[in-house]
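In the working numbering, the protein residues as written are 54 to 312.
The beta carbon of each residue, even a glycine, is placed where N, CA and C say it ideally should be.
Notes follow once the structure below has been shown.
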Ligand code: GLN
């Protein structure tokens, strides 16, 4: 089983590490061809405007929509949730996948409480846990988090804050969390996502990665570092101004071409 993690910007290394903990091969995805042969895809947290622009630049929007259309599960965390959403309050122009039938407010928790941690009740996780873990609250790490304001008919709520705000949902094989399970040691959400990949049949090896493999995470992280970023062909982290300039040039060229 191979699970992709969109590696344009943000907390993708932490997801690769979490997958390695479960003995699952994680693949850094930066181009449409990296999706080939993958069983599922994780969209990490970070800055959804940046992720959206870079994804558009590299032709990943249609490629990921096709991936979902092929019945492959996708999970968005935080900015990844924003990137999946059908509607964004006040950010209608922001490039995104629009696959998940939810209306989202970005940075909904105000400047004073940008980040916080709170235990969440997530009954759905009980489908993938051992008896002693049943009903254990999940540590919700919220960092400039989005809020799900409304959901479509086909969307199921997986978790709410105490005040009723929706912070985790599922629509068929699409999963979205406003918080960051990859920044905790709790792997239940990753196991839950993996259970979607195998139709609730958990792979044999969901125990912590074998010591003998000597830190598989490092291997994945180093592998992902060795893939050049496509917009500038360099190993450097993204430069959003450069990506913006390329998009503008492209838009102008297309415009001139069509007149
Ligand atoms: N505020 C970010 C956005 O809207 C998300 C933050 C995060 O992923 N932690 O893109």
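Contact test: residue i Cβ vs ligand 1 heavy atom, cutoff 7 Å
i, result
"residue 100", "yes"
"residue 160", "yes"
"residue 142", "no"
"residue 197", "yes"
"residue 135", "yes"
"residue 221", "no"
"residue 132", "yes"
Residue i - DSSP class collapsed to helix/strand/coil
i, result
"residue 118", "helix"
"residue 84", "coil"
"residue 162", "coil"
"residue 77", "coil"
"residue 100", "coil"
"residue 137", "helix"
"residue 149", "coil"
"residue 105", "helix"
"residue 215", "coil"
"residue 65", "helix"
"residue 207", "coil"
"residue 55", "strand"
"residue 248", "helix"
Residues near residue i by beta carbon distance below 7 Å, same chain, minus five either side
i, result
"residue 55", "78, 80, 90, 91 and 92"
"residue 190", "172, 173 and 174"
"residue 113", "85"
"residue 67", "235 and 236"
"residue 118", "150 and 152"
"residue 129", "96, 136, 137 and 229"
"residue 192", "170, 172, 237 and 239"
Straight-line gap, residue i to residue j (C-alpha atoms, nearest Å)
i, j, result
"residue 169", "residue 224", "26 Å"
"residue 74", "residue 152", "29 Å"
"residue 200", "residue 138", "11 Å"
"residue 213", "residue 194", "13 Å"
"residue 174", "residue 202", "19 Å"
"residue 116", "residue 238", "31 Å"
"residue 215", "residue 142", "23 Å"
"residue 246", "residue 240", "10 Å"
"residue 70", "residue 59", "14 Å"
"residue 167", "residue 161", "9 Å"
"residue 64", "residue 108", "16 Å"
"residue 123", "residue 198", "29 Å"
Residues near residue i by beta carbon distance below 8 Å, same chain, minus five either side
i, result
"residue 57", "79, 80, 81, 82, 87, 88, 91, 93, 94 and 95"
"residue 210", "204, 219, 221 and 222"
Other residues of its chain near residue i: CB distance less than 6 Å, five sequence neighbours each side excluded
i, result
"residue 72", "56 and 79"
"residue 234", "242"
"residue 140", "156"
"residue 127", "94, 121 and 227"
Ligand 3 heavy atom lying under 7 Å from the CB of residue i
i, result
"residue 78", "With respect to small molecules bound, the structure shown includes ligand 1 and not ligand 3."
Note to self: Tell me whether the region 131 to 138 and the region 225 to 242 touch, counting them as touching only if at least three CB pairs, one residue from each stretch, are closer than 8 Å.
What the structure shows: yes
Margin query: For the structure I just gave you, are there three or more beta carbon pairs, one from the region 101 to 118 and one from the region 137 to 153, closer than 8 Å?
Written below: yes
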